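Below: one structure, written as structure tokens.
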Amino acid sequence: MERYDIAVIGTGPGGLEAAITAKVRNKSVLLLGSRESSEKVAKAHTVQNYLGLKDISGADMSKAFVDHALSMGLEITEDRVNAVYSMGKYFAIQGHNDNYEASSVILAVGMTAMKPLPGEMEFLGRAVSYCATCDAALYKGRTAIVVAYSSEDEAEAAFLAERADKVYYLPQYDFSGSFKDNIEVMEGKEPVSIEVSDGKATLNTKDGSIAADGIFILREQIAPSQLVPGLKLDGNHVEVDRSMATNIKGLFACGDITGTPYQYIKAAGEGNVAALSAVSYLQNADK
Ligand SMILES: Cc1cc2nc3c(=O)[nH]c(=O)nc-3n(C[C@H](O)[C@H](O)[C@H](O)COP(=O)(O)OP(=O)(O)OC[C@H]3O[C@@H](n4cnc5c(N)ncnc54)[C@H](O)[C@@H]3O)c2cc1C
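Here the numbering used here is used: the first residue of the sequence shown is 245, the next is one more, and so on.
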């Protein structure tokens, strides 16, 4: 497996600037995220406070950011990262589609308002999973619940249903899709907590409980402490120093995830610092 110098996770202004700076410094860069940059960029009506791009629409700014990165020879690998593990001298990165390795990592995944459900962390990796593509094989002849936050998750649920006997699909968005018969769509069910006993997982919702062999939670964003085991937080944010270093050697963070103010230029500036710090880290690690 190729081991990149720097893996950048997230393609908002923080991640794109980090990747561009790392590329300028001749590092091999794995840039994981979306070719559409970030919804938080694309959805802004008009942006007035980004240097050099006065009164630009979010959609145009998003295109300018991505075009800049691609014009530098960077590639965006479209994958959602489930977990990052520090292995001492390198990091193992587990994505939905593939696994990756890098000598250092920059987390630029933005902020998620969602907190894990009670019971979610306790049973994660046992009866709770974040990746149907990764774990579908374990559900042959079994039942599963899928809590989905985006229509993009429908393909994952359909894949899971090719293995599982029955899938309960709980969309947390306006559902307008269609599935084959062994997927039961249960709209308007807001999840509240997870319990597991005698090998059965129960999802408690605001109006009743559903039991199955396992529960898949397909959120677009995962809380940083779930993404990187052992990562030190400061409230809801990742604790960093002025070099954007976290408590884990070789792991840096930038953008909204490190704290307020939530601003494009702050995210991009921190991305620049995080990349330069990762470059210094790699130089020192080589000695
Ligand atoms: C409607 C709106 C208008 C705004 N207007 C302004 C404004 O005018 N001026 C201003 O300065 N700021 C504005 N902001 C704030 C600005 O959007 C944020 O501060 C900025 O986008 C933060 O950048 P970021 O790179 O830290 O994170 P984000 O832009 O949130 O990008 C994070 C990226 O990481 C990806 N990601 C998350 N988890 C994973 C994972 N596990 N694996 C792979 N990828 C992942 C996400 O999909 C996303 O693409 C606005 C925000 C909104 C919502």
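Even glycine gets a Cβ: it sits at the ideal position worked out from N, Cα and C. None of the values given here were measured: they were computed from a predicted structure.
Counting along the chain, where does the alpha helix (DSSP H) carrying arginine 407 start and finish?
Against the sequence shown, residue 407 aligns to sequence position 163. Residue range 398-407 is occupied by the alpha helix (DSSP H) that includes arginine 407.
Opening and closing residue of the beta strand (DSSP E) in which proline 473 lies:
On the sequence shown, position 229 is the one that residue 473 refers to. If you look at proline 473, you'll find it isn't in any beta strand (DSSP E); DSSP assigns it neither H nor E.
Taking 8 Å as the line, does the beta carbon of proline 257 fall inside it for any heavy atom of ligand 1?
Along the sequence shown, one-based indexing puts residue 257 at 13. Yes, since a heavy atom of ligand 1 falls inside the 8 Å radius drawn around the Cβ of proline 257.
Say the cut is 8 Å; is the CB of lysine 333 nearer than that to a heavy atom of ligand 1?
In the sequence shown, the residue the question calls residue 333 occupies position 89. Incorrect: lysine 333 has no Cβ contact closer than 8 Å to ligand 1.
So, under 8 Å CB-CB, serine 394 and glutamate 464 are touching, yes? Tell me the CB distance rounded to an integer number of Å.
Along the sequence shown, one-based indexing puts residue 394 at 150. Along the sequence shown, one-based indexing puts residue 464 at 220. The pair is a contact, with the Cβ atoms about 6 Å apart (cut-off 8 Å).
Give the secondary structure of asparagine 516 by DSSP, where H, G and I count as helix, E and B as strand, and everything else as coil.
As a first step, residue 516 is located in the sequence shown; it is residue number 272 there, counting from the start. In the structure shown, asparagine 516 sits in a helix (DSSP, three-state: H, G or I).
Simplified DSSP assignment, three categories, for aspartate 249
Position 5 of the sequence shown, counted from the first residue, corresponds to residue 249. Here aspartate 249 sits in strand by DSSP.
How about isoleucine 264: is its Cβ closer than 8 Å to a heavy atom in ligand 1?
Translated into positions along the sequence shown, residue 264 becomes position 20. Checking every heavy atom of ligand 1 against the Cβ of isoleucine 264, none is found closer than 8 Å.
Put threonine 490 into one of helix, strand or coil per three-state DSSP.
As a first step, residue 490 must be located in the sequence shown, where it is residue number 246. Coil, per DSSP.
Pull up the CB-CB distance for alanine 313 and alanine 263, whole angstroms please, since I reckon it's below 8 Å.
Translated into the one-based positions of the sequence shown, residue 313 becomes position 69. Translated into the one-based positions of the sequence shown, residue 263 becomes position 19. Confirmed, Cβ separation roughly 6 Å.
Identify, in the order they occur along the chain, each residue of the same chain with its Cβ nearer than 6 Å to the Cβ of alanine 512, setting aside the five sequence neighbours on each side.
Mapped onto the sequence shown, residue 512 falls at position 268. Leaving aside the five residues that flank alanine 512 on each side, the residues in its chain whose CB is nearer than 6 Å to its CB run, in chain order, Pro257 and Glu261.
Can you list, in chain order, the residues of its chain whose CB lies under 7 Å from that of lysine 284, leaving out five sequence neighbours each side?
Walking along the sequence shown from the start, residue 284 turns up at place 40. Gly256 and Gly354.
Residue range of the beta strand (DSSP E) that includes alanine 336:
Your numbering for residue 336 matches position 92 in the sequence shown. Under the DSSP assignment, alanine 336 falls in the beta strand (DSSP E) whose first and last residues are 335-339.
With a threshold of 8 Å, establish whether the CB of isoleucine 253 neighbours any heavy atom of ligand 1.
By one-based count along the sequence shown, residue 253 stands at place 9. Proximity of the beta carbon of isoleucine 253 to ligand 1 is indicated: a heavy atom of the ligand is located closer than 8 Å.
Mapping the DSSP letters down to three states, classify histidine 481 as helix, strand or coil.
On the sequence shown, position 237 is the one that residue 481 refers to. Three-state DSSP puts histidine 481 in a strand.
Is it true that the region 368-377 meets the region 343-351, where meeting means three or more beta-carbon pairs spaced less than 8 Å apart?
Contact between the region 368-377 and the region 343-351 is absent, because fewer than three Cβ pairs lie under 8 Å.
Sufficient close CB pairs (3 or more, under 8 Å) joining the region 373-384 to the region 457-471:
Because the criterion of three Cβ pairs below 8 Å is met, the region 373-384 and the region 457-471 touch.
What do you reckon, are the CB atoms on aspartate 249 and leucine 526 nearer than 9 Å?
As a first step, residue 249 must be located in the sequence shown, where it is residue number 5. As a first step, residue 526 must be located in the sequence shown, where it is residue number 282. The Cβ atoms of aspartate 249 and leucine 526 lie closer than 9 Å to each other.
Is the CB-CB distance between tyrosine 383 and glycine 494 below 9 Å?
Within the sequence shown, numbered from 1, the residue matching residue 383 stands at position 139. Within the sequence shown, numbered from 1, the residue matching residue 494 stands at position 250. Result no, Cβ atoms of tyrosine 383 and glycine 494 do not sit closer than 9 Å.
With a CB to CB cut of under 6 Å and the five nearest residues on each side skipped, what residues in its chain are close to serine 282?
By one-based count along the sequence shown, residue 282 stands at place 38. For serine 282, the CB contacts under 6 Å within the same chain, skipping 5 residues up- and downstream, are Gly256 in chain order.
Mind checking which residues open and close the alpha helix (DSSP H) that includes glutamate 366?
Position 122 of the sequence shown, counting from 1, holds the residue named residue 366. Its alpha helix (DSSP H) spans residues 364-367.
Have a look at Ser315, Arg486, Leu477 and Ala380 and flag the residue whose alpha-carbon is nearest the alpha-carbon of phenylalanine 460.
Numbered from its first residue, the sequence shown carries residue 460 at position 216. Taking the Cα of phenylalanine 460 as reference, the smallest distance to any Cα among Ser315, Arg486, Leu477 and Ala380 is reached at Ala380.
Take glutamate 364 and list the residues in its own chain whose beta-carbon comes closer than 8 Å to its own, dropping the five residues that flank it on each side.
The residue given as residue 364 occupies position 120 in the sequence shown. Same-chain partners within the cutoff: Val372, Ile438 and Ile461.
Looking at the unbroken alpha helix (DSSP H) that takes in threonine 377, where does it start and where does it end?
As a first step, residue 377 must be located in the sequence shown, where it is residue number 133. First-last of the alpha helix (DSSP H) with threonine 377: 376-379.
Could you check whether proline 362 and valine 436 sit closer than 9 Å to each other, using their CB atoms as the reference points?
Translated into positions along the sequence shown, residue 436 becomes position 192. Translated into positions along the sequence shown, residue 362 becomes position 118. Closer than 9 Å, so yes.
Alanine 288 versus asparagine 528: straight-line alpha-carbon distance, rounded:
In the sequence shown, counting from the first residue as 1, residue 288 sits at position 44. In the sequence shown, counting from the first residue as 1, residue 528 sits at position 284. The straight-line gap from Cα to Cα measures roughly 40 Å.
Could you tell me whether the Cβ atoms of alanine 401 and tyrosine 417 are closer together than 9 Å?
Locating residue 401 in the sequence shown gives position 157, where the first residue counts as 1. Locating residue 417 in the sequence shown gives position 173, where the first residue counts as 1. No, the pair does not count as a contact, with Cβ atoms beyond the cut-off.
Less than 9 Å between the C-beta atoms of alanine 352 and alanine 456, yes or no?
The count along the sequence shown starts at 1 and reaches residue 352 at position 108. The count along the sequence shown starts at 1 and reaches residue 456 at position 212. It is not a contact, given that the beta carbons lie outside the stated cut-off.
Give the range of the alpha helix (DSSP H) segment to which threonine 265 is assigned.
Locating residue 265 in the sequence shown gives position 21, where the first residue counts as 1. Here the alpha helix (DSSP H) through threonine 265 covers 257-268.
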